[in-house]
Amino acid sequence: MQPVNVEDWPQRSLLGVLGRRSKEALLGLGTPITYPAHQRIVRQGESARYTVLVLAGLVKIVVGTERGKDVVIAVRGSGDLIGEMAALERRPRSAHVIACVPVQAKVIHSRDLVEFLERSPETSLALAKVLSGRLRGSDRRGVDLIAYPAPIRIARTLLEVTGRWGEAPAAGQGLAIPLSQRDIASLAGTGLSSVEKAFRQLEEGGALDRLYRRVLITDVDRLRRFGELSDEIPY
Amino acid sequence: MTVRAPLPPDRGLCAAVNPGTAAGLLRIGTGRFFRSGDVLVREGESTTFVVLLLEGCAKVTATTADGGRALLAIRGAGDLIGELAGFDGEPRSATVTAVGRLRARVAPRAEFHRFLAEHPDAAVAVSRLMAAKLRWSTERRVDFSGYDVAVRLARVLVALVATYGTHTARGWEIGFPLTQPELAALIGAAEPTVHKSLTELRRREILDTGYRRMTIVNLPALRAAAVLPA
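Just so you know, the sequences run in chain order S and D.
If you're matching positions, the first sequence starts at 569 in the numbering used here and goes up one per residue.
If you're matching positions, the second sequence starts at 56 in the numbering used here and goes up one per residue.
Below is the structure:
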């Protein structure tokens, strides 16, 4: 795992939005922790006494339903604060949070977070901005579910996830899709077989390639066309 | 003769803050009336004003590529509308339209943010209300993937009662003028299927409906139909 001395946090993450001083102060809170891949970080239904600030790696937010079918509703990565609303409101956790890959993070006790937010109105405002982005994203996903068929939803999900968290294993080769096909299917609200079919079609169309034992998006423009997206839409 | 000021909404932002802050909210910006069908906020615009709904209801919709409209949410008295743009500077993500007559305060972003800076209880409340909107949005998506239409309908009715229900002699009244097509749009289902499910709920005496009125007569039974604990 890479050391976490980054200056560049993803721009839609909390650390990406904060100014230097608040960012350094926030990074000074909490206890360092690492989670292996597939470890459950937060359990749905538990009382929330802490938040997790992700420094490196990727996590998925999964809602368990009464009928046993789990739904991946979001992905979060470095710079993101997880579960802060449940912790601030002392509500039970509304979802599971599971590490997709090894994760480096800080665990911050709710009490410390509340005190920090009271000292730092800039951070409260930044949190509101991040929350706005999440709400917009959730609604956009909701519209896609009703408005578009599976292949387009899959393409859009791949674009968003790869665009935000895809790593380039080697320059010019493309961006690695950071989630399993099963998780892509859940996030896109489709069946696994639809994702398998879409991957084959994308590979035949030259937008996807398998390299270095990873699956890469090698042609973003082609993927955008697959997702029926024009330039204006921010995926 | 003195005219008494209307009471503040007993839910939403006004109910989540101190009385002094609530009084301030009722004076924020400008008082406005909207008629049925008036657009409060339009998708794609770069405006940043905020609307605090005092009386009446509104629909939140977004356009789909084929020109259709998706019904994302409902807003009622006490709800805040349009606060996202003021925080993140992005264009409006949805259109908000008045359903019936509406009374509201409309405040420019700068004045609203100044108010939040001066009233920390309001700042916290706004974050909580945004988190509640995110929970609603997420629930609709999870329901869509996980449950059939009958269950989704029951679940959305349970959610509407929890947020907007008032207890009357008849039961829990969703004082919300939602038509059958709107209900179908809200859960992303075809209207005939929703009609069938509503008929079934009426037959089982779980639900009683009138013109733009819905009363949950048997809430435990509705929760069971929604695959929720009693």
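A virtual CB, placed ideally from N, CA and C, is assigned to each residue, including glycine.
Between VAL105 (chain D) and GLY137 (chain D), the C-beta gap is smaller than 8 Å, which places the two residues in contact. DSSP lists D:ARG124 as the beta-bridge partner residues of THR118 (chain D).
Under DSSP, no beta-bridge partner is assigned to PHE104 (chain D). If you check each beta-carbon in the segment 621-655 of chain S against every beta-carbon of chain D, the ones closer than 7 Å belong to VAL631, THR633, GLU634, ARG635, LYS637, VAL639, ILE641, MET653. Burial state of THR234 (chain D) is exposed, judged by a 10 Å Cβ sphere holding fewer than 16 other Cβ atoms. Residue pairing for GLY201 (chain D): DSSP places it in no beta bridge.
Taking HIS677 (chain S) as the centre and dropping the five residues before and after it, the same chain places the C-beta of ARG617, TYR618 closer than 7 Å to its C-beta, in chain order. If you compare the alpha carbons of D:ILE129, D:ARG207, D:PHE167, D:GLU246 with that of LYS188 (chain D), the shortest gap goes to D:ILE129.
When secondary structure is reduced to three states using DSSP, ASP263 (chain D) falls in the strand class.
Excluding its 5 nearest sequence neighbours in each direction, ALA77 (chain D) has C-beta neighbours in its own chain below 6 Å: PRO63, CYS69, listed in chain order. Within the same chain, and ignoring the five residues on either side of ALA663 (chain S) in sequence, the residues whose Cβ sits closer than 7 Å to its Cβ are GLN612, ILE629, VAL630, VAL631, ILE641. Here LEU779 (chain S) is exposed, its C-beta having fewer than 16 other C-beta atoms within 10 Å.
By the CB criterion at 8 Å, ALA180 (chain D) and VAL282 (chain D) fall outside the cutoff. The three-state secondary structure of TRP191 (chain D), taken from DSSP, is helix. C-alpha of PRO737 (chain S) to C-alpha of THR786 (chain S): approximately 12 Å in a straight line. When S:ARG644, S:LEU727, S:GLY636, S:LEU747 are compared, the shortest CA-CA separation from ASP789 (chain S) is found for S:LEU727. Annotated three-state conformation of LEU699 (chain S) is helix, per DSSP. Excluding residues up to 5 positions away in sequence, GLN749, LEU776, VAL783 lie with their Cβ nearer than 8 Å to the Cβ of PHE767 (chain S) in the same chain. The three-state reading of DSSP puts CYS112 (chain D) in strand, counting E and B together. For ALA744 (chain S), DSSP records a beta bridge to S:LEU784. As a beta-bridge residue in DSSP terms, TYR618 (chain S) pairs with S:HIS677. Between LEU262 (chain D) and PRO746 (chain S), the alpha-carbon positions lie close to 46 Å from each other. A straight line joining the alpha-carbon of VAL249 (chain D) with that of VAL272 (chain D) spans about 19 Å. Cβ proximity to chain S below 8 Å picks out nothing from the segment 78-112 of chain D.
Under the 8 Å criterion on CB atoms, THR152 (chain D) is classed as non-interfacial with respect to chain S. Going by beta carbons, GLU98 (chain D) and ARG147 (chain D) fall inside the 8 Å limit.
Within chain D, the residues placing a beta-carbon under 7 Å from that of LEU703 (chain S) are LEU139, MET185, LYS188, LEU189, SER192, ordered along the chain.
For ARG130 (chain D), there are no neighbours in chain S by C-beta distance under 8 Å, as the nearest C-beta there is about 13 Å away.
In the structure shown, the three-state DSSP call for TRP733 (chain S) is helix. By the rule that beta-carbons nearer than 8 Å mark a contact, SER590 (chain S) does not touch chain D. A Cβ of chain D is located within less than 8 Å of the beta carbon of ARG709 (chain S).
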